[in-house]
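Heads up, the thing below is written out as structure tokens.
2 protein chains.
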Amino acid sequence: MLKYSVISKDNPDKLGNKARAGIFETDHGSVETPAFMPVGTQGTVKAVNQNFLEYDIKAQIVLSNTYHLYLRPGTEILENAGGLHKFMNWQKPILTDSGGYQVYSLSSLRKLKDDGVEFRSHLDGSSHFFSPEKVIQIQRSIGSDIMMVLDECTPYPCEYEYAEKSTRLTSNWAVLNKDAFEKSKPLYDHEQFLFGIIQGSTYKELREKSASELKKLDFDGYAIGGLAVGEPAEVMYDITDFTTDMMPEDKPRYLMGVGRPENILESIDRGIDMFDCVMPTRNARHSVLFTSDGVLTLTNAKFKEDFEKVDQNCDCYTCKNYSRAYLRHLFNAGELLALELASIHNLHFYISLVSEARKRILEGSFKEWKNKTIEKISIKNNSRENGMEE
Amino acid sequence: MLKYSVISKDNPDKLGNKARAGIFETDHGSVETPAFMPVGTQGTVKAVNQNFLEYDIKAQIVLSNTYHLYLRPGTEILENAGGLHKFMNWQKPILTDSGGYQVYSLSSLRKLKDDGVEFRSHLDGSSHFFSPEKVIQIQRSIGSDIMMVLDECTPYPCEYEYAEKSTRLTSNWAVLNKDAFEKSKPLYDHEQFLFGIIQGSTYKELREKSASELKKLDFDGYAIGGLAVGEPAEVMYDITDFTTDMMPEDKPRYLMGVGRPENILESIDRGIDMFDCVMPTRNARHSVLFTSDGVLTLTNAKFKEDFEKVDQNCDCYTCKNYSRAYLRHLFNAGELLALELASIHNLHFYISLVSEARKRILEGSFKEWKNKTIEKISIKNNSRENGMEE
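Residue numbers (my numbering), protein chains in the order written: chain A, 1 to 390; chain B, 1001 to 1390.
Below is the structure:
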């Protein structure tokens, strides 16, 4: 069982302050929460090498993906490599998503059945079947420190009737996941944990039912799935706030696929401990950079002769060494270095922001800091608006 | 005037041993020769950041390009940045090619005139005119430590009559280049040097004439241009061998655009001190890696479960941290990290090879080492042959 300690809540005496700082241990090291997990879908965080990820960006844990790794390179290669940590040379913790979301978003001809989901690979159209047992088995081959259960991720909007049926399916699968987890063993020399995923779309009674059913299974941690799929931010905050009240105090709480920096701070405020999102890296590759003074689209002409660093308050490799004008040149010239430097900065920004949030929670000054910070980081410093949401 | 010292020749008493080790100083540091210059055409070595370039690959000097930098970002931005060193954050020496080769290979509607060349940009079709004075002026804006004269690069094969006319043009321009160089001053706080370029296609009498005319102008160093443009390797070696005999002993000798690792070793043997080539980086991006045991095409299925490092004798970041199987996965999955890791390795291989050549020259054991090394590094370790020559 994962040992998770809540170290501090932000002024717990003040009514409504749910933000918490905690820590949990894995055989690959500890993770201080709140934590942001860079996304390394295919066993690499796009455009960033593991040296920068560890020492400059200071990632504590990365997320990789069961669906993608299963299709390529495949479990045989991963097993012969000694697991994903060795394969990608990342000795800190790894969490793997189960593939439920990718089956829903990427594959074609998806057929849901009581015992799993049939789908076709987005790579070559080949047929595959994921059952709860199967995704546990794949994640044993991967050797991730934290495995996720197979679930169904509902779209937004979602009819109540469909959401109810889907939540029941996810709950039934959760039982099978837990069972498969208990009946199997790690293949490598370290312990693996399993998180449940609470579904229920935007319906509070379904979220409550889902949380209650999953809690009985006593997972190592709990995720909220089925948000950040297109619903308004206020709905996401409301459902998150409602759901965290149903979640165990003594287990990590993970809000999947969220989000913009302001979404993350608002969700920390509602009691979330863990996050992942492709936004820092994907936006970086489109020249959209997050800074403490708002968002910059570096290809904008106004940065042509702007020889300042990307963010005056940042000490990442990119900001210590290069100017906005140089990055703009690299983007305009189609140079690969642009993608690396921008990705390093954005990941560093996300991880520093969440680390600062933790510090503020420990100091008891989170809420005031959060409100001021969101105001500053949400400014759009460009004439050209950018739509890179995910 | 550039101070260049030949420190050692490989057993100079042995007839025909021309390989030499030397050193020259610039205000951005010294360069030990033979030296390989990574190509950073647009102010960045493709896919590799400056930190890795300096500390892992240990590049002593990089090459950038007048034609490309003139078109983008343009001299105004470079001047306002304080020159290319500051713009790209590279504090070691930079050499800039004059753009003569790019006008010949990239631009359209090229019109040669007595006083320069008119061409259209390969980016937007806009009209431009490069004269010897103009390329000096652009290179003053760039602030490269070593500037190159404007020349005409002849194709292969080339009719004698055309080659003769072209060599005359290059010689005439050389006078104008030198004149413009002497009448202008650096814009920044460091000295700039100027190299002449010997042309003459594959005709020895033209090479001799070109060398003799250029020598009179007393450049800081001399390059051999117009080779590595499609002629057989034996022709290239023969012309190189012939031409180095015409070149001053006390100036660096630079063979432009060469080449494969074995071409470089053979040319060192014929008295060349400096090299540049896109091959290590371009081949890297096509999954072709150079090793001390021959060439690997990493996408080949035989590397699927090959968990060894790329090169057993290499201590680059890539070899210290990742396996062939992981790199193969990254290439197959279209991941950007593949391009960085492969480029780091190939550049490290080239620079280590040339550095080892220097060591052997100083020891007087170059020739024997060269013959053995070429045999080993030329092996193709793949079923699939690769045609990435440039």
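Ideal Cβ placement from N, Cα and C applies to all residues, glycine included. As the structure is a prediction and not an experimental result, all values here were calculated from the model.
For Gln1102(B), return the contacting residues in chain A, with the cut-off set at a CB-CB distance below 9 Å.
Within the second sequence, residue 1102(B) is the residue found at index 102, counting from 1. Within chain A, no residue comes near Gln1102(B); the closest Cβ sits about 14 Å away, beyond 9 Å.
Consult DSSP for Ala180(A) and reduce its assignment to one of helix, strand or coil.
By one-based count along the first sequence, residue 180(A) stands at place 180. Ala180(A): helix per DSSP, three-state reduction.
At a Cβ threshold of 8 Å, is Lys46(A) touching chain B?
Locating residue 46(A) in the first sequence gives position 46, where the first residue counts as 1. So yes, Lys46(A) belongs to the interface.
Do Asn89(A) and Gln50(A) have their C-beta atoms within less than 8 Å of each other?
By one-based count along the first sequence, residue 89(A) stands at place 89. By one-based count along the first sequence, residue 50(A) stands at place 50. One thing to note: Asn89(A) has its Cβ within 8 Å of the Cβ of Gln50(A).
Just checking, does the stretch 1248 to 1267 of chain B make contact with the stretch 35 to 48 of chain A on the three C-beta pairs under 8 Å criterion?
Not touching, per the Cβ criterion.
Please check if any C-beta of chain B sits within less than 8 Å of the C-beta of Asn371(A).
Within the first sequence, residue 371(A) is the residue found at index 371, counting from 1. Output row for Asn371(A): interface = no.
Please return the same chain residues whose Cβ sits closer than 8 Å to the Cβ of Ile1023(B), not counting the five positions on each side in sequence.
As a first step, residue 1023(B) must be located in the second sequence, where it is residue number 23. Leaving aside the five residues that flank Ile1023(B) on each side, the residues in its chain whose CB is nearer than 8 Å to its CB run, in chain order, Tyr1004, Ser1005, Ile1007, Ser1030, Val1031, Glu1032, Thr1033.
Going by DSSP, name the residue or residues bridged to Asp1276(B).
Counting from 1 along the second sequence, the entry for residue 1276(B) is found at position 276. Per DSSP, Met1037(B).
Pair within 8 Å by beta-carbon distance, Ser1141(B) and Leu1078(B):
Start at 1 with the first residue of the second sequence, and residue 1141(B) comes out as number 141. Start at 1 with the first residue of the second sequence, and residue 1078(B) comes out as number 78. Taking 8 Å as the Cβ cut-off, Ser1141(B) and Leu1078(B) qualify as a contacting pair.
Rounded to the nearest angstrom, what separates Lys204(A) and Val135(A) at their Cα positions?
Position 204 of the first sequence, counting from 1, holds the residue named residue 204(A). Position 135 of the first sequence, counting from 1, holds the residue named residue 135(A). Looking at the two C-alpha atoms, the distance is approximately 28 Å.
Taking Cβ-Cβ distances shorter than 7 Å, what residues in chain B pair up with Pro73(A)?
As a working note, residue 73(A) is residue 73 in the first sequence. From the beta-carbon of Pro73(A), the residues of chain B found nearer than 7 Å are His1329.
If Val1048(B) sits next to Glu1340(B), beta carbons under 8 Å apart, how far is it from one beta carbon to the other, in whole angstroms?
What you label residue 1048(B) is simply residue 48 of the second sequence in a count that begins at 1. What you label residue 1340(B) is simply residue 340 of the second sequence in a count that begins at 1. Going by Cβ atoms, the distance from Val1048(B) to Glu1340(B) rounds to 6 Å, so yes, they are a contact pair.
Of all the CB atoms in chain B, is at least one closer than 8 Å to the CB of Ala284(A)?
Start at 1 with the first residue of the first sequence, and residue 284(A) comes out as number 284. Judged by the 8 Å Cβ criterion, Ala284(A) is not in contact with chain B.
Sort out for me which residues DSSP pairs Gly1392(B) with in a bridge.
This structure leaves residue 1392(B) out entirely; chain B is present only between 1001 and 1390.
Return no unless some Cβ of chain B is closer than 8 Å to the Cβ of Lys304(A).
Counting from one through the first sequence, the residue named residue 304(A) turns up at place 304. Look at Lys304(A): its C-beta is under 8 Å from a C-beta on chain B.
Rounded to a whole number of angstroms, what is the C-alpha to C-alpha distance between Ser166(A) and Met246(A)?
The residue you call residue 166(A) lines up with position 166 of the first sequence. The residue you call residue 246(A) lines up with position 246 of the first sequence. In a straight line, the C-alpha of Ser166(A) is about 19 Å away from that of Met246(A).
Check the Cβ of Glu54(A) against every Cβ in chain B and list those closer than 8 Å, keeping chain order.
For the purposes of this step, residue 54(A) is identified with residue 54 of the first sequence, where counting begins at 1. Residues of chain B with a Cβ closer than 8 Å to the Cβ of Glu54(A) do not exist; the shortest Cβ-Cβ separation is about 11 Å.
So, do the stretch 213 to 229 of chain A and the stretch 194 to 204 of chain A have three or more beta carbon pairs nearer to each other than 8 Å?
Taking 8 Å as the limit for Cβ pairs, the verdict is that the stretch 194 to 204 of chain A does touch the stretch 213 to 229 of chain A.
Between Val295(A) and His345(A), which are expected to be in contact by the criterion C-beta below 8 Å, what is the C-beta distance as a whole number of angstroms?
Your numbering for residue 295(A) matches position 295 in the first sequence. Your numbering for residue 345(A) matches position 345 in the first sequence. Wrong, their Cβ atoms sit about 12 Å apart, outside the cutoff.
Three or more C-beta pairs closer than 8 Å, one from the stretch 99 to 118 of chain A and one from the stretch 156 to 163 of chain A: is that the case here?
The way I'd put it, the stretch 99 to 118 of chain A doesn't touch the stretch 156 to 163 of chain A; fewer than three beta-carbon pairs between them come closer than 8 Å.
If you follow the beta strand (DSSP E) that Asp97(A) is part of, which residue opens it and which one closes it?
Start at 1 with the first residue of the first sequence, and residue 97(A) comes out as number 97. Boundaries of the beta strand (DSSP E) around Asp97(A): 94 to 97.
My understanding is that Asn65(A) touches Gln102(A), with C-beta atoms under 8 Å, so please give their C-beta distance in whole angstroms.
As a working note, residue 65(A) is residue 65 in the first sequence. As a working note, residue 102(A) is residue 102 in the first sequence. The beta-carbon separation of Asn65(A) and Gln102(A), rounded to 6 Å, stays under the 8 Å limit for a contact.
Take every Cβ of the stretch 1220 to 1227 of chain B, pair it with every Cβ of the stretch 1247 to 1260 of chain B, and state whether three or more of those distances are shorter than 8 Å.
The stretch 1220 to 1227 of chain B vs the stretch 1247 to 1260 of chain B: in contact.
Quickly, what does DSSP pair Ile1224(B) with across the bridge? List them, please.
Here residue 1224(B) is taken as the residue at index 224 of the second sequence, counted from 1. Its beta-bridge partners are Ile1198(B), Leu1255(B).
Who are the Cβ neighbours of Leu1106(B) in its own chain at under 8 Å, not counting the five residues just before and after it?
In the second sequence, the residue the question calls residue 1106(B) occupies position 106. So the qualifying residues of the chain are Tyr1067, His1122.
Where the stretch 73 to 87 of chain A meets chain B: residues whose CB sits under 7 Å from a CB there:
Closer than 7 Å at the C-beta level to chain B, one finds these residues of the stretch 73 to 87 of chain A: Pro73, Ile77, Asn80, Ala81, Phe87.
Helix, strand or coil, according to DSSP, for Lys393(A) in the structure here?
Residue 393(A) cannot be examined here, being either before or after the span of chain A that is shown, 1 to 390.
Chain-ordered chain B contacts of Gln312(A) [CB-CB under 9 Å]:
Here residue 312(A) refers to the residue found at position 312 of the first sequence. Correct list: empty, because the minimum Cβ distance to chain B is about 17 Å.
Could you work out which residue in Ser131(A), His85(A), Ala333(A) is closest to His28(A) when comparing CA atoms only?
Residue 28(A) sits at position 28 when you count from the first residue of the first sequence. His85(A) is the residue among Ser131(A), His85(A), Ala333(A) whose C-alpha sits nearest the C-alpha of His28(A).
Closer than 8 Å to chain A by CB, Gly1125(B)
Taking the second sequence and counting its residues from 1, one reaches residue 1125(B) at position 125. With 8 Å as the cut-off, Gly1125(B) does not count as an interface residue toward chain A.
What's the gap between the Cα of Asp1315(B) and the Cα of Tyr1350(B)?
By one-based count along the second sequence, residue 1315(B) stands at place 315. By one-based count along the second sequence, residue 1350(B) stands at place 350. Whole-angstrom Cα-Cα distance: 13 Å.
Outcome for Met1001(B) when other beta-carbon atoms lying within 10 angstroms are tallied against a minimum of 16
As a position in the second sequence, residue 1001(B) is number 1, starting the count at 1. Under this definition Met1001(B) is an exposed residue.
Hey, quick one: how far does the beta strand (DSSP E) through Gly230(A) stretch, first residue to last?
What you label residue 230(A) is simply residue 230 of the first sequence in a count that begins at 1. Per DSSP, Gly230(A) belongs to no beta strand (DSSP E) and is neither H nor E.
Can you say whether Leu53(A) is buried or exposed, counting buried as having 16 or more other CB atoms within 10 angstroms of its CB?
Reading the first sequence from its first residue, position 53 is the one you call residue 53(A). In summary, Leu53(A) is buried, with 16 or more beta-carbon neighbours lying within 10 Å of its beta-carbon over all protein chains present.
Return no unless some Cβ of chain B is closer than 8 Å to the Cβ of Gly43(A).
The residue labelled residue 43(A) in the question sits at position 43 within the first sequence. Judged by the 8 Å Cβ criterion, Gly43(A) is in contact with chain B.
Measure the beta-carbon distance from Ala1228(B) to Val1258(B) and round it to whole angstroms, keeping in mind my assumption that it falls under 8 Å.
Along the second sequence, read from residue 1 onward, the residue named residue 1228(B) stands at position 228. Along the second sequence, read from residue 1 onward, the residue named residue 1258(B) stands at position 258. The pair is a contact, with the Cβ atoms about 5 Å apart (cut-off 8 Å).
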